[in-house]
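Protein chains in written order, with my numbering: chain A, 1 to 284; chain B, 285 to 892.
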């Protein structure tokens with residue numbers, strides 16, 4: 001039964017993950033007084049990419065071929081490890097290591113194509129993520145220390161830290177910018193430059209799933225729910241929507257940081273998470 | 285008068301010793317197989333024979349070290365091990381760098397041995413015997429001050445050999461100089477014997493009596509982790525990178541040991557056992573993947589003639605097996621599931637977080653910070669090995685050596701295969717290995733911990749899969765299947781080979797690739813307060829108006845060497861100038877000095 005539960009959640013998450021991205025993009029465009037593509041655009045993109053022919057760089061090796069599969073598998077694993085409830089803190093410490101597995105191969109594949117863009121992206125991605133990892137660890141620990149529905153200072157701080165981690169992990173402003181392909185600013189996109197067709201679709205999809213994972217975790221902190229029945233689900237979905245709007249507002253409102261300012265941004269997150277742990281230990 | 289060496293208790297086989305015996309065997313046997321291929325066509329017959337004999341003696345000395353029950357014999361074997369490894373450092377190459385590295389090594393380890401000798405003789409004075417149980421009994425009655433000093437002596441003595449910061453500077457220069465399987469033995473096993481000594485003498489002989497001991501070890505461990513991994517990131521020499529990474533991993537192991545000391549002191553026996561198990565788990569893991577990685581580095585060196593990553597690249601096509609084994613080792617050391625490094629780092633994190641719940645006040649905050657350091661280290665280590673594998677093995681070759689690379693002979697590949705199997709096995713068989721290690725920790729911590737206990741200790745009491753990489757592998761496999769299904773069901777699976785995106789200009793070649801130095805640049809800038817990078821750009825002009833080429837030079841400052849060791853050596857040399865005056869070169873004078881010294885010593889003995 002638990003297995004069925006997990007699988008149903010997995011399917012829901014995997015299916016709805018691209019929608020979150022569509023909503024954020026739509027809100028961002030509307031905030032800028034543009035119409036923008038519809039919220040189903042990520043699905044259209046995926047379908048189109050899956051139908052395309054793929055071009056594989058001559059200089060690359062089997063690492064380049066298998067990476068999309070591994071990245072997708074790690075995203076799915078993350079979701080499964082989240083446990084049977086949305087936002088419940090399952091085996092989250094393991095999730096950090098699983099995330100690292102996908103990132104490791106993504107960076108290797110970027111180097112494999114042999115262009116400087118890939119190398120640049122790989123180097124920057126590993127740079128940013130090595131600061132994100134401690135923050136994520138602490139947040140999970142803080143969440144573990146103060147479980148349950150009750151609102152607390154610790155929850156608030158952990159949530160705030162998690163928002164910063166989310167922005168960094170999903171390559172959003174001010175850490176990275178999904179909308180541009182300028183070599184000076186690219187991090188995540190630079191690693192994907194030589195992917196095309198179904199492989200690119202797999203990677204894009206797993207990025208959506210990863211993003212949705214963090215969103216659900218954060219929404220779970222805002223609106224914790226013990227069992228995701230249909231009625232109990234609504235506050236959670238509402239929280240999720242609020243979060244999507246918040247992220248869109250943040251992205252429209254601020255500019256990208258210089259790469260060497262990014263650690264400052266994430267270390268701020270680490271400190272928030274540290275305070276969350278301390279306040280949880282103090283019981284507030 | 286009792287004998288210095290009691291033959292009845294000369295050999296002691298307890299779980300701790302057996303564990304280290306297993307670790308030594310697990311790396312030494314593949315190393316011996318590896319050496320068959322590695323030495324082929326390298327040396328003359330005589331030199332080959334001599335080297336192999338010294339290697340065997342070296343392995344034998346390590347094996348003996350962990351089973352002797354007598355401190356004096358321990359010291360003698362310890363010294364023997366140092367001397368043999370010193371000879372081995374010098375076998376591959378007798379250039380200036382090798383000689384200087386070997387000299388640093390032998391001088392520093394001897395300073396460490398001096399501290400050990402002092403500590404053991406201090407205990408002997410009380411115990412009247414070199415038998416470990418007698419020494420342990422004597423330690424219980426010592427004054428706290430003396431015990432504190434003894435702890436410091438042991439820490440400095442074993443810490444030098446273990447390469448903890450700031451006593452590490454010999455390690456990254458000596459280990460890479462040796463032949464690759466010797467590097468494996470030194471980095472994988474020899475430095476672990478120092479941890480054996482630390483556990484044997486501090487936990488089991490001295491007995492942990494103060495909280496600050498554990499805190500000091502933990503602090504040094506954190507520093508070692510971060511310093512080691514940051515230096516490793518900066519290296520573009522494959523073997524030096526691995527050697528610095530050993531400093532980092534010794535830090536991770538010492539985290540477990542330090543935590544265990546803290547918990548023991550606070551009377552938290554099961555947590556102490558958990559932390560010790562985490563440390564020992566990482567110890568055996570590191571022995572295996574570091575051995576494997578050094579083997580692969582040796583294979584790269586043999587196949588291409590260089591270890592400079594800036595001249596390598598594209599080896600995955602020329603040396604597919606070496607590349608695959610290196611990837612396994614790199615994944616293990618980067619703590620990626622479901623391989624072995626993941627299990628031990630996860631256990632160490634568990635030990636940290638479980639400890640935070642039990643220890644009082646500020647110490648809890650310290651443990652949280654320790655966990656942060658561990659997470660940061662593991663992130664940086666992953667970056668380091670993306671660089672090591674990506675630059676060395678992927679994309680296009682950057683030099684002639686890499687273009688004409690040849691795969692290693694079968695004996696070397698077989699040795700690598702054995703250790704790679706170990707990396708996978710120790711990951712997937714986490715539960716049985718945990719139980720075995722619990723047996724090792726039991727006599728030390730006085731409590732037997734089972735995996736079942738781990739579930740109640742760990743952060744997620746109800747999750748039965750927490751320590752099961754097998755389960756993660758299963759889920760990952762499911763994920764892979766679903767990815768493949770999506771790929772082939774939705775996509776048409778058509779592909780063709782094409783050029784890497786070159787912005788529409790020209791076909792890119794190896795000169796467009798990112799280099800190892802460039803890869804580590806964000807880290808170099810971000811940690812510039814510690815690395816003090818230095819950069820020089822020189823313009824080469826062929827006329828007053830035209831610059832024909834640029835020469836860039838960049839390196840980092842090794843602050844421990846520059847501000848600690850070089851300063852100390854400087855003042856030592858200045859100090860010895862004073863004594864130069866009494867060195868007139870007359871043999872009569874020297875004989876007089878000897879006589880005076882003798883008389884003074886005799887008087888001292890009489891007085892005390």
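Backbone N, C-alpha and C define an ideal beta-carbon position, used for all residues, glycine too.
Where the beta strand (DSSP E) through residue 327 of chain B begins and ends:
Here residue 327 of chain B corresponds to residue number 43 of the second chain, with the count starting at 1. If you look at residue 327 of chain B, you'll find it isn't in any beta strand (DSSP E); DSSP assigns it neither H nor E.
Whole angstroms is fine: what's the gap from residue 449 of chain B's alpha carbon to residue 193 of chain A's?
Taking the second chain and counting its residues from 1, the one referred to as residue 449 of chain B is at position 165. Taking the first chain and counting its residues from 1, the one referred to as residue 193 of chain A is at position 193. The alpha-carbon atoms of residue 449 of chain B and residue 193 of chain A are separated by roughly 41 Å.
How about residue 88 of chain A: is its C-beta nearer than 8 Å to some C-beta of chain B?
Position 88 of the first chain holds residue 88 of chain A. Note on residue 88 of chain A: pLDDT 38, under 50, position unreliable in the model; no value is reported.
Is residue 782 of chain B helix, strand or coil by DSSP?
As a first step, residue 782 of chain B must be located in the second chain, where it is residue number 498. Residue state, collapsed to three classes: strand.
For residue 730 of chain B, count the other beta carbons within 10 Å of its own beta carbon; 16 or more makes it buried, fewer makes it exposed. Which is it?
Counting from one through the second chain, the residue named residue 730 of chain B turns up at place 446. Answer is exposed; the Cβ neighbour count stays below 16.
Using 8 Å as the threshold, is the segment 125 to 133 of chain A in touch with the segment 658 to 666 of chain B, meaning 3 or more CB pairs across them?
Touching, yes, given that three or more Cβ pairs across the two stretches are closer than 8 Å.
If we ignore side chains and look at the alpha-carbon of each, how far apart do residue 881 of chain B and residue 405 of chain B end up?
Counted from its first residue, the second chain places residue 881 of chain B at position 597. Counted from its first residue, the second chain places residue 405 of chain B at position 121. Roughly 22 Å separates the two Cα atoms.
Counting only runs that start and end within the segment 342 to 426 of chain B, where is the beta strand (DSSP E) found for 3 or more residues in a row?
Counting only unbroken stretches of 3 or more residues, no beta strand (DSSP E) element lies wholly within the segment 342 to 426 of chain B.
Can the beta-carbon of residue 572 of chain B be found closer than 8 Å to that of residue 451 of chain B?
Stepping through the second chain from its first residue, residue 572 of chain B is reached at position 288. Stepping through the second chain from its first residue, residue 451 of chain B is reached at position 167. Their beta carbons are not under 8 Å apart, which means residue 572 of chain B does not touch residue 451 of chain B by this criterion.
Ignore the nearest five residues each way along the sequence and tell me which others in residue 301 of chain B's own chain have a CB closer than 7 Å to its CB.
For the purposes of this step, residue 301 of chain B is identified with residue 17 of the second chain, where counting begins at 1. Closer than 7 Å at the Cβ level, and outside the excluded window around residue 301 of chain B, lie 350 and 351.
Classify residue 112 of chain A as buried or exposed, calling it buried when 16 or more other Cβ atoms lie within 10 Å of its own Cβ.
Taking the first chain and counting its residues from 1, one reaches residue 112 of chain A at position 112. So residue 112 of chain A counts as buried.
Presumed contact (8 Å Cβ cut-off) between residue 437 of chain B and residue 399 of chain B, rounded CB distance:
Taking the second chain and counting its residues from 1, the one referred to as residue 437 of chain B is at position 153. Taking the second chain and counting its residues from 1, the one referred to as residue 399 of chain B is at position 115. Right, the Cβ-Cβ distance comes to about 5 Å (below 8 Å), so this counts as a contact.
Give the residues from the segment 119 to 133 of chain A that approach chain B closer than 8 Å (Cβ to any Cβ), ordered along the chain.
From the segment 119 to 133 of chain A, only 119, 120, 122, 123, 124, 126, 127, 129, 130, 131, 132 and 133 have a Cβ closer than 8 Å to chain B.
Measuring CA to CA, which of B:440, B:610 and B:640 is closest to residue 652 of chain B?
Along the second chain, one-based indexing puts residue 652 of chain B at 368. With respect to the C-alpha of residue 652 of chain B, the residue from B:440, B:610 and B:640 having the closest C-alpha is B:640.
When you compare only the Cα positions, how much space is there between residue 763 of chain B and residue 70 of chain A?
In the second chain, the residue the question calls residue 763 of chain B occupies position 479. In the first chain, the residue the question calls residue 70 of chain A occupies position 70. Residue 763 of chain B and residue 70 of chain A: Cα-Cα distance of roughly 8 Å.
Here's the rule I'm using: 16 or more other beta-carbon atoms within 10 Å means buried, otherwise exposed. How should residue 884 of chain B be labelled?
Here residue 884 of chain B corresponds to residue number 600 of the second chain, with the count starting at 1. With fewer than 16 other Cβ atoms within 10 Å, it is exposed.
Beta-carbon of residue 499 of chain B versus every beta-carbon of chain A: anything under 8 Å?
Start at 1 with the first residue of the second chain, and residue 499 of chain B comes out as number 215. Not one chain A Cβ lies under 8 Å of residue 499 of chain B.
What residues of chain A sit near residue 806 of chain B, judged by a beta carbon separation below 8 Å?
Here the question's residue 806 of chain B lines up with position 522 in the second chain. Against residue 806 of chain B, the close residues of chain A are 123, 124, 127, 259 and 260, in the order they occur along the chain (beta-carbon pairs closer than 8 Å).
By DSSP, does residue 489 of chain B sit in helix, in strand, or in coil?
For the purposes of this step, residue 489 of chain B is taken as residue 205 along the second chain, with counting starting at 1. Helix.
Determine the DSSP secondary structure at residue 235 of chain A, reduced to helix, strand or coil.
The residue given as residue 235 of chain A occupies position 235 in the first chain. Looking at residue 235 of chain A - three-state DSSP - the assignment turns out to be helix.
So, using beta-carbon positions, are residue 490 of chain B and residue 565 of chain B closer together than 8 Å?
The count along the second chain starts at 1 and reaches residue 490 of chain B at position 206. The count along the second chain starts at 1 and reaches residue 565 of chain B at position 281. No.
Between residue 802 of chain B and residue 123 of chain A, how many whole angstroms is the CB-CB distance? I'm expecting something under 8 Å.
Against the second chain, residue 802 of chain B aligns to sequence position 518. Against the first chain, residue 123 of chain A aligns to sequence position 123. Between residue 802 of chain B and residue 123 of chain A, the beta carbon gap of about 7 Å places them in contact (Cβ cut-off 8 Å).
What do you reckon, are the CB atoms on residue 784 of chain B and residue 57 of chain A nearer than 8 Å?
Numbered from 1 along the second chain, position 500 holds the residue referred to as residue 784 of chain B. Numbered from 1 along the first chain, position 57 holds the residue referred to as residue 57 of chain A. With respect to the 8 Å criterion, residue 784 of chain B and residue 57 of chain A are classified as neighbours on the basis of their beta carbons.
Give me the Cβ distance between residue 422 of chain B and residue 411 of chain B, rounded to the nearest whole Å; I'm assuming they're in contact under 8 Å.
By one-based count along the second chain, residue 422 of chain B stands at place 138. By one-based count along the second chain, residue 411 of chain B stands at place 127. The pair is a contact, with the Cβ atoms about 3 Å apart (cut-off 8 Å).
When the Cα atoms are used, what is the spatial distance from residue 454 of chain B to residue 392 of chain B?
Residue 454 of chain B sits at position 170 when you count from the first residue of the second chain. Residue 392 of chain B sits at position 108 when you count from the first residue of the second chain. Approximately 7 Å between the Cα atoms of the pair.
Just reading off the beta strand (DSSP E) that residue 834 of chain B is part of, what are its end residues?
Stepping through the second chain from its first residue, residue 834 of chain B is reached at position 550. Membership of residue 834 of chain B in the beta strand (DSSP E) is indicated by the continuous run 831 to 839.
Which of the three DSSP states is assigned to residue 693 of chain B in this structure?
Walking along the second chain from the start, residue 693 of chain B turns up at place 409. Under the three-state reduction of DSSP output, residue 693 of chain B falls in the coil class, being neither helix nor strand.
State yes or no: is the C-beta of residue 671 of chain B within less than 8 Å of the C-beta of residue 800 of chain B?
As a first step, residue 671 of chain B is located in the second chain; it is residue number 387 there, counting from the start. As a first step, residue 800 of chain B is located in the second chain; it is residue number 516 there, counting from the start. Contact flag set, yes.
Exposed or buried, residue 529 of chain B, counting other C-beta atoms within 10 Å across all chains shown (16 or more means buried)?
Taking the first residue of the second chain as position 1, residue 529 of chain B is located at position 245. Around the CB of residue 529 of chain B, 16 or more other CB atoms lie within 10 Å, so the residue is classed as buried.
Quick test of your reading: residue 495 of chain B and residue 549 of chain B, contact by CB under 8 Å. State the CB separation rounded to the nearest angstrom.
By one-based count along the second chain, residue 495 of chain B stands at place 211. By one-based count along the second chain, residue 549 of chain B stands at place 265. The Cβ separation is near 5 Å, so the contact holds.
I'd like to know if the segment 356 to 366 of chain B and the segment 319 to 332 of chain B are in contact, where contact means that at least 3 CB-CB pairs between them fall below 8 Å.
The segment 356 to 366 of chain B vs the segment 319 to 332 of chain B: no contact.
From residue 742 of chain B to residue 545 of chain B, what does the alpha carbon distance come to, in whole angstroms?
To locate residue 742 of chain B, count along the second chain from 1; it is residue 458. To locate residue 545 of chain B, count along the second chain from 1; it is residue 261. Since pLDDT at residue 742 of chain B reaches only 47, below the 50 mark, its modelled position is unreliable, and the value read off the structure follows with that caveat. Whole-angstrom Cα-Cα distance: 19 Å.
Reducing DSSP to helix, strand and coil, say where residue 826 of chain B ends up.
Reading the second chain from its first residue, position 542 is the one you call residue 826 of chain B. In the displayed model, residue 826 of chain B falls within coil according to three-state DSSP, outside both helix and strand.
Residue 797 of chain B: buried (16+ other C-beta within 10 angstroms of its C-beta) or exposed?
By 1-based counting over the second chain, the position of residue 797 of chain B is 513. Flag for residue 797 of chain B reads buried.
Going along the chain, which residues of its own chain have a beta-carbon closer than 6 Å to the beta-carbon of residue 68 of chain A, five neighbours each way excluded?
In the first chain, counting from the first residue as 1, residue 68 of chain A sits at position 68. Within the same chain, residue 68 of chain A has close Cβ partners 199, 202 and 203.
Return the CA-CA distance between residue 713 of chain B and residue 585 of chain B, expressed in angstroms with no decimal places.
Position 429 of the second chain, counting from 1, holds the residue named residue 713 of chain B. Position 301 of the second chain, counting from 1, holds the residue named residue 585 of chain B. Computed Cα separation, rounded: 33 Å.
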